[in-house]
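S.K.: Have a look at this one.
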Amino acid sequence: MSSTCRVISSLGYMSIIFAPFLVPVMIYCFMGDHLVREHAKKAIKFHLIPIVALAMLSILFFEMGMLFNVFSISCIILFGGIALTLVVWNIVRGIVVLLEK
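Residue numbers (our numbering): 6 to 106.
See the structure below:
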């Protein structure tokens with residue numbers, strides 16, 4: 006894999022910081038290299054999970070009337086933990102792809 010392809014693949018994962026889901030979709034649509042498209046497809050999957058988790062968290066939070074009971078606190082910990090874990094995972098995966106030979 007060329008250095009340009011590695012940088013673009015890494016950008017797909019790392020874009021969770023500044024433009025989640027949008028950058029990997031653009032990379033998938035406009036890049037012709039098979040390996041870059043595979044990394045973009047994986048990045049799309051890993052970007053969707055925190056988006057869905059945070060959406061569910063906000064829906065539960067506002068539907069519960071902002072009550073802080075055991076259920077809402079458990080949901081905050083669960084969905085927030087999932088989102089944070091996958092953000093870190095995407096950054097690590099981007100670094101690994103960038104450093105591949």
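A virtual CB, placed ideally from N, CA and C, is assigned to each residue, including glycine. This one's a predicted model, so the numbers in the text were calculated from it and none came from an experiment.
Determine the contact status of residue 100 and residue 15, defining contact as a CB-CB distance below 9 Å.
M.R.: Taking the first residue of the sequence shown as position 1, residue 100 is located at position 95. Taking the first residue of the sequence shown as position 1, residue 15 is located at position 10. Yes, the pair counts as a contact, with Cβ atoms nearer than the cut-off.
S.K.: Any heavy atom of the ligand SAM inside 8 Å of the beta-carbon of residue 101?
M.R.: For the ligand SAM, the structure offers nothing, since it holds no ligand at all.
S.K.: Going by DSSP in three states, residue 22 sits in which element: helix, strand or coil?
M.R.: Taking the sequence shown and counting its residues from 1, the one referred to as residue 22 is at position 17. Reduced to three states, the DSSP call for residue 22 is coil.
S.K.: Whole angstroms is fine: what's the gap from residue 86's alpha carbon to residue 57's?
M.R.: In the sequence shown, the residue the question calls residue 86 occupies position 81. In the sequence shown, the residue the question calls residue 57 occupies position 52. Using only the alpha carbons, I get a separation of about 13 Å.
S.K.: If you compare alpha carbons, which of 65, 52, 36 is closest to residue 22?
M.R.: On the sequence shown, residue 22 is found 17 positions in, with the first residue counted as 1. Answer by Cα proximity: 52.
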